[in-house]
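First residue of the sequence shown: 181, per this note's numbering; consecutive thereafter. Every residue, glycine too, gets a C-beta built ideally from N, C-alpha and C. Computed from a predicted structure; not experimentally measured. See below for the structure under consideration.
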Amino acid sequence: MKFNLKHTSLLFSLALIGCGGGGGSSSGDMPIPTPVKAQLTAAEAIKAPAVIQSGKTTVLSYTVTNPVVEQVKIGAIGQRSSNASVEIQGFDVPVTDGVELNYDLSLPQNTCFDENGQGKMLPAGEQCHIAFLAKLNGAIDQETDRHLVLAVRTSDNAEDLQINKSLKFVSQHDARLIDLTDSITTSRYLKPGSMVTVDVRNNTSATINALNIQLPEWLKDIALNISAAQIDELHVGDSFSFSFNLAIDQKTIDALTKHQDDPVDIMIEAANAKDTHAIDLEVTTSIVDSNDVAFQQPEMQTVTYTNNTDTVLTINSVTLENIADNSVVIEDNNCQETLAAHASCRVLLKAGDNARVKDYAQPAHIVFDYSTEHGAKLSSQNAININPVNVSIEKDVHAKQGETFEVNITNDGPFTAELPDMSHFNIMQDNKNIAGLTLDPLSNCFNTALEVGQSCQVKIHAAEDITPDGYLLHIDQSNNLISDVNESFYINDADASIVVEAFDNYDHSNMGYIKLVNNGEVDIKNIGLDRTYLPENVELYNGSNGTSSHGATWCTAELCPNYCEVNDGVFSLAVGESCHLYMFSSTDVNIAQAQLTINALGQDYGFNLTRKTALYADTPNATHSDHKLYQFMGDRISHKEEKIVKHLHTAGTIEQYYWLENDPDHNTLAVVVIDKSLNDRRTIELLKNIGGTWVNLNFPSNQYVYLGIRAIFSPTGELQVIVVNSSEEIIRVIGKPTASGYTWHEDYNEPATSINSHTDLKILMDQHSNSYTIRFDSDYESGGFIKIGSNFDDTDLYVSQGLLKHSLYFAQADYMAVIDAPDTDSHSINFFNHQSKPVERDGNIVINHPDASYLMPSHYKEIYSVLAIPNAMSFYALVDAGHSKKEIVQCDIDYEHGHFGDYLHCRELTEIPDAAASAKTLKLIDNKLVLIGTKVKKEAPRSNKFSIFEYADKQWTELSYLSADFSEGYQISELGYQYYYPIVQHD
């Protein structure tokens, strides 16, 4: 509350006005009575409120009286009272107890001083008034009592007047403060030509103290005839009215227009009232009466304008504001040019199906612009209200974990719904957003105009691990929606299922693959692979590791489609999807520790690798002259042709296949090709079988002629090939292994006359890379066993007197052995190593110096095949022991600590089956004796049978394969093998 504090310089500092007067004399000696000083009294004229809000100003008003008293005489010496006038002279410094106290001469209650601050003479029996303004500055947390002492100085014929007053100040929230809300009524509008009134009727239970009404400064500037805005006290049931007028002129119109969109507050406060009461008035610049319109549905509505003045108004325009896309239009309008005094006109509005505002943060209006006859421009602005839209969410929607589903949103009218963007759609539970349920941004409900009766769909994706429960789809109230919309939907348990199975018939891998199929109703995430017990040399195809050693390609995106994309040991499968784990190894696998575990849906699926043997043998095709290599799968009794020709660099006829000795991987194949285009020149090419895939080792076969001396591996892993170059020199070509294959270089050469061309000369090699062979030529008609040195120098170690048939290498003792059939009835076996003494000759007499020599049992009439037993000084032999059937025997040599004993011990193991009577060759494959060389037999008019016999656990097993392509009567002498690793699932 603001008071006009005039003459504040006089605050408690009024000048002391001296008062004259003298005593008169009396006759005689009688004493003169002493006058009694006047006693002024002060009574509270305006009762201070029981409680005062701190920071608010209260009015303290007192009535000061100079009372009339009777004359009194007491004894001889008496005193008399004075009924003389008393002068009010000023104030002593008051005791304020922290209260700001102001004495305002402008207050109408102040009559003890004139307007210049001069104190008045107060005759006996008369009164004057004193008023103060009291305020406790600052906010307080609890009530506080303050005591005031006001001392009024008077002339000498009166006692100074002392006024004591206690005030109770409280905080603005104190419940004892009165509420003015129900005591105030006011005009609604501020508009040109109007009278604005504020009526206060005290409907509270206490007198209102220091009531003050304040206008904004801009409104004061245009208000006319402003009535009194203050009243010291308003008793219960009494009323106080405040008013002012607004002119119809441009100044007033401009001021009102400037503040048309602002809140206009008239403030009302009182010392003992709560806070400050604000009266909000609406500003309008119109002097025309008009009406708002509300569209409940697509329809027509009329706005009527009435001129209640005595002058003609000029109509300037009628326009619509904040209406989107002409969804509300002026259908008819008879408000043209002028509006006569006390006349009316109308505007007909039409709302379409899609009626809506342009900016939902602002109201829509119809604006009627006009002018007075004096040129003042006015405007009548009326609201266009468009009913908001009801939308509903589909009820009782059920979905499953991992599922993407739809919820329908329907417009129930009455107008087209302007659905908001996705940020206003939420999925909630217990007023919290849910992470496992996500909205699809492509749902057709977001930022969509949805016509009445139509529906759109909100797509929701439920995560596989979302808890089955009820959830809430929530749409915020926005745009033209009437309110927030909520509806429950339900997530049920989804069936999760996976099929995991193994397949071992993948053509490009020696292992096969595992297929996983998600046949459930939810995506399966974090399928884990545990290969703790899977050897490192077993690979799983990852999209880029399909090329193995020597450039062998076992997998590509085309060869291995739909592979499982494993990252950090885990991968996922969507509903209905499948993938394959393709497995491969370029080398042999220790199956004892070959286990892969797949964890899916909390269950472990274990897989082991078993080891099986694929056999390779050549059989001439019945209709072609060249040899073909076939793969035979013993457990399936199946076979397939290996397309060796497509891996060769030389065009010609394949004459021979053989597997290289000393090959630790037992997978290197020599192919002898007769090049018809070069006078039947024999060449050799070398291939490796890497996990079932053939790779050419790129031996430079076009530079050499093959002599018939077999290629062999050295103990250091190098390949040695003896050939003849174009200069007819014997060349040893060395192949050094690298990460990507072999590099080839020539080791030595010498004239080719020293060794003749041979059909098939087998080579043995000791631990010192010395080569040994049985040689037949003019010098060794019965056979000679020679050592070929590093410079291809020959050393004769043994010359047979009979027929030299077989050679063996015993790696354990690093000894070579040859078996011959001398002129005697029995065969002998003779042992040599790199330090053995060579043959001596004395004329035509040959003297052999074997390190040891033994006679084999004399009843062995024929020895067809011998085979050294690994890691032992023993060997197997296929013999004719004079019985009806051939036998397989095992012979053990007396050898210990580098010394040979006196005996050779041979014993029969088994007779061969009748069906194998024509077999002539023994092989040892995977610790099993294999008998080969039986003749291909006619089995049916269009089928020939090729058989291999295995001996294990004292039993023979015949492996038979049928094909019309096998040549009847053919006997194989070579047999290769490779391991493959079927994947087996275990419980």
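Considering only residues of the same chain and omitting the five flanking positions on each side of residue i, which have a CB-CB separation below 8 Å?
i: residue 703; result: 582, 644, 752, 753, 754, 755
i: residue 593; result: 477, 569, 570, 632, 633
i: residue 551; result: 493, 494, 496, 557, 558
i: residue 1027; result: 1019, 1020, 1021
i: residue 432; result: 372, 402, 426
Cα separation between residue i and residue j?
i: residue 967; j: residue 764; result: 41 Å
i: residue 544; j: residue 536; result: 9 Å
i: residue 273; j: residue 240; result: 17 Å
i: residue 600; j: residue 502; result: 18 Å
i: residue 1158; j: residue 947; result: 25 Å
i: residue 256; j: residue 217; result: For residue 256, the pLDDT reaches just 43, beneath the cut-off of 50, and the residue's location in the model is therefore unreliable, although a value from the coordinates is still provided. Each residue's Cα considered, the two are about 20 Å apart.
i: residue 766; j: residue 688; result: 12 Å
i: residue 224; j: residue 243; result: 6 Å
i: residue 999; j: residue 900; result: 25 Å
i: residue 259; j: residue 301; result: Confidence in residue 259 is poor, its pLDDT being 49 and thus under 50, which makes the residue's placement too unreliable to answer from.
i: residue 400; j: residue 534; result: 45 Å
i: residue 869; j: residue 913; result: 21 Å
i: residue 445; j: residue 287; result: 27 Å
i: residue 490; j: residue 232; result: 51 Å
i: residue 862; j: residue 884; result: 9 Å
i: residue 277; j: residue 564; result: 59 Å
i: residue 408; j: residue 507; result: 51 Å
Taking its Cβ as the centre, do 16 or more other Cβ atoms sit within 10 Å of residue i, making it buried, or is it exposed?
i: residue 488; result: exposed
i: residue 1066; result: buried
i: residue 952; result: buried
i: residue 891; result: buried
i: residue 237; result: buried
i: residue 266; result: buried
i: residue 457; result: buried
i: residue 371; result: buried
i: residue 741; result: exposed
Give me, in chain order, the residues of the same chain whose beta-carbon lies closer than 7 Å to that of residue i; leave out the 5 immediate sequence neighbours on both sides.
i: residue 749; result: 708, 709
i: residue 522; result: 487, 488
i: residue 781; result: 676, 678, 704
i: residue 512; result: 528
i: residue 306; result: 246
i: residue 1089; result: 1068, 1069, 1070
i: residue 1162; result: 684, 692, 790, 792
i: residue 439; result: 398, 463
i: residue 1149; result: 1115, 1116
i: residue 865; result: 828, 829, 830, 851, 853, 876, 879, 881
i: residue 994; result: 946, 947, 1013
i: residue 624; result: 636, 637
Please return the same chain residues whose Cβ sits closer than 6 Å to the Cβ of residue i, not counting the five positions on each side in sequence.
i: residue 254; result: Since pLDDT at residue 254 reaches only 43, below the 50 mark, its modelled position is unreliable, and the value read off the structure follows with that caveat. No residues qualify anywhere along the chain.
i: residue 263; result: 248, 304
i: residue 201; result: The predicted model places residue 201 with a pLDDT of 37, which falls under 50 and marks its position as unreliable, so this point remains unresolved.
i: residue 1164; result: 788, 790
i: residue 411; result: 391, 420
i: residue 1156; result: 796, 839
i: residue 275; result: 329
i: residue 934; result: With a pLDDT of only 49 at residue 934, under 50, the local geometry of the prediction cannot be trusted, and the value read off the model is given with reservation. Result list for residue 934: empty, nothing under 6 Å.
i: residue 666; result: 652, 654
Spell out the partners DSSP gives residue i in its beta bridges.
i: residue 241; result: 226, 311
i: residue 954; result: 965
i: residue 917; result: 922
i: residue 453; result: 358
i: residue 301; result: 267
i: residue 865; result: 851
Report the start-end ranges of each beta strand (DSSP E) in the region 1024-1081 that is 3 residues or longer and not cut off at the edges.
1025-1027, 1032-1035, 1042-1048, 1054-1060, 1067-1076
In chain order, what are the residue ranges of uninterrupted beta strand (DSSP E) at least 3 long that sit wholly in the region 325-374? 341-350, 364-366
Practice task
For the region 470-498, list the beta strand (DSSP E) runs that are entirely contained and at least 3 residues long, ordered along the chain.
Solution key: 473-475, 480-487
So within the region 697-753, which uninterrupted beta strand (DSSP E) runs reach at least 3 residues, ignoring any that extend past its ends? 704-710, 718-720, 750-753
- Minimum length 3: unbroken beta strand (DSSP E) runs contained in the region 1085-1130: 1101-1105, 1108-1112, 1117-1120
*Could I get the ranges of all uninterrupted beta strand (DSSP E) runs contained in the region 826-853, with 3 residues as the minimum, in chain order?*
833-839
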